[in-house]
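Everything on this sheet refers to the single structure shown next.
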Amino acid sequence: MKKLKNDLFIRACKRKKTDRTPIWMMRQAGRYLPEYRAVRAKADFITMCKTPELAAEVTIQPVDILDVDAAIIFSDILVVPMAMGMDLEMKESVGPVFHKPIRNEADASSLKSIDPFKDLKYVLDAVTLTKKNLDNRVPLIGFSGSPWTLLAYMVEGKGSKNFSEVKKLIYSQPGIAHKLLEKISEVIAEYLSAKIECGCDAIQIFDTWGGILPQKDFYEFSLNYVEKIISSIKRKQEPVIFFAKGVNYKPKKLAKCGADVIGFDWTADLSQLRNEIGNKTALQGNLDPNVLYSSHEIIARRAKAVLKSFGKGNGHIFNLGHGILPDVPPENAKFLVDYVKKESIKYHG
Ligand code: CP3
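For the sequence shown, our numbering assigns the number 34 to the initial residue and increments by one for each residue that follows.
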């Protein structure tokens, strides 16, 4: 493997010494960039995911435009249920919709196991091409949804306010839920291993809906499976990040899941988490994405507060607490990146 020209992100994931804090942003390849919208005007979202040249192009855009310290492969967490046989539609101004959600045992058993090299070849081809085009300027992050977050979409069929359908399933038919989670976990572990084999330098698991569960159920229906996946991903030195939105209780328990990095949303206090977790894992986060609507002065003040809350030393990756929003001015994102790069030097060395 060729050496990365900028390996700050990888070093920070392993809590190694860096001379500043690395920064990237969840959903950095997206609609807030006019350059993304120009590509998107020519192709629908799923076609973009399935066309390695387009996926590679928009993956690299935030590296060229914002100068972030990592790229994340352009794709979606929902390509996995799609590969397992579900019919996905990305509805303009609605979001993802599965027209035939999973509601019973028969639906569950209709889901296929997959071979990522066949059924998700287009993602792996996008990874290979992106690695080539990136030319090792920065590391490339591969990702998947957590089994729980994927199950939530597969059972609800779309985004949801109350998640009644998936909660109905886990509370009344936990056996079916566990069978499904088991199946999805196996698929994810193979998929993430394949991404690493094709060149991804790190992996992030998104548990966007982990925070909607009672604590005990979060462990049983989410964390438990994430742990299994992390222990079975075939990897050498590639770090794993676990981001569970809305979950910052019992951080010590989270930190035992086997991930090298735990990502937190903006409701978390990094100093408190660092005190509790100690040096067990690196921390990623956690500026409220809405801060990027503010003036540069306010962005600077808020970003400084995040740096200060982690404090001095290694093992912090600056990020937003969730994805960047589609109507944020790109110059504000660029300002944040430049500011964090400069200001964070004070917290190192
Ligand atoms: O981070 C990146 O830049 C890489 C690409 C990426 C996308 N989706 C592209 C995308 C990643 C990592 C995701 C993950 C994802 N997808 C998650 C987990 C993270 C999170 O945000 O919570 C979830 C829940 C999804 C499911 C999903 N995909 C939703 C709910 C939507 C619709 C809402 C929205 O933001 O439009 C998508 C579509 C989607 N995924 C877009 C992009 C750039 C917008 C599609 C478009 O161009 O119209």
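By construction, the Cβ of each residue, glycine as well, lies at the ideal position given by its N, Cα and C atoms.
The alpha helix (DSSP H) enclosing residue i, as first and last residue numbers
| i | result |
| --- | --- |
| Asp371 | 363 to 376 |
| Ile221 | 207 to 230 |
| Ile1 | No information on residue 1 is available, as it lies outside the stretch 34 to 382 that the chain covers here. |
| Ile56 | Neither: Ile56 is in no alpha helix (DSSP H) and is coded neither H nor E. |
| Asp360 | First-last for Asp360: undefined, no H or E at that position. |
| Leu41 | 41 to 46 |
| Asp250 | 248 to 251 |
| Val113 | 112 to 116 |
Exposure of residue i, with buried meaning 16 or more beta-carbon neighbours within 10 Å
| i | result |
| --- | --- |
| Ser328 | exposed |
| Pro272 | buried |
| Ser218 | buried |
| Gln248 | exposed |
| His132 | exposed |
| Glu86 | exposed |
| Thr163 | buried |
| Lys269 | exposed |
| Ser179 | buried |
| Ile350 | buried |
| Ile357 | buried |
| Phe42 | buried |
| Ile209 | buried |
| Asn352 | buried |
| Tyr224 | buried |
| Pro362 | exposed |
| Phe150 | exposed |
| Ile93 | buried |
| Asn137 | exposed |
Coarse secondary structure for residue i, derived from DSSP in three states
| i | result |
| --- | --- |
| Glu260 | helix |
| Ala104 | strand |
| Ala76 | coil |
| Ile98 | helix |
| Ala62 | coil |
| Asn137 | coil |
| Thr51 | coil |
| Thr92 | helix |
| Ile245 | helix |
| Arg70 | helix |
| Lys379 | helix |
| Leu325 | helix |
| Lys83 | helix |
| Ser143 | coil |
| Ser126 | coil |
Beta-ladder partner(s) of residue i, from DSSP
| i | result |
| --- | --- |
| Gln317 | Gly296, Ile350 |
| Phe131 | Leu121 |
| Asp240 | Ala277 |
| Ala235 | Ile174 |
CB contact check: residue i to chain B, cutoff 8 Å
| i | result |
| --- | --- |
| Ile245 | You won't find chain B in this structure, because it holds only one protein chain. |
Any non-hydrogen atom of the ligand GDP closer than 7 Å to residue i Cβ
| i | result |
| --- | --- |
| Asp109 | As for the ligand GDP, it is missing from this structure, which binds only the ligand CP3. |
Worksheet item: Can you give, in chain order, each stretch of the alpha helix (DSSP H) that sits fully within the region 270 to 312 and has at least 4 residues?
Response: 284 to 288, 303 to 310
Practice prompt. Tell me the start and end of each unbroken beta strand (DSSP E) in the region 152 to 204 that is at least 3 residues and wholly inside, in chain order.
Written response: 173 to 178
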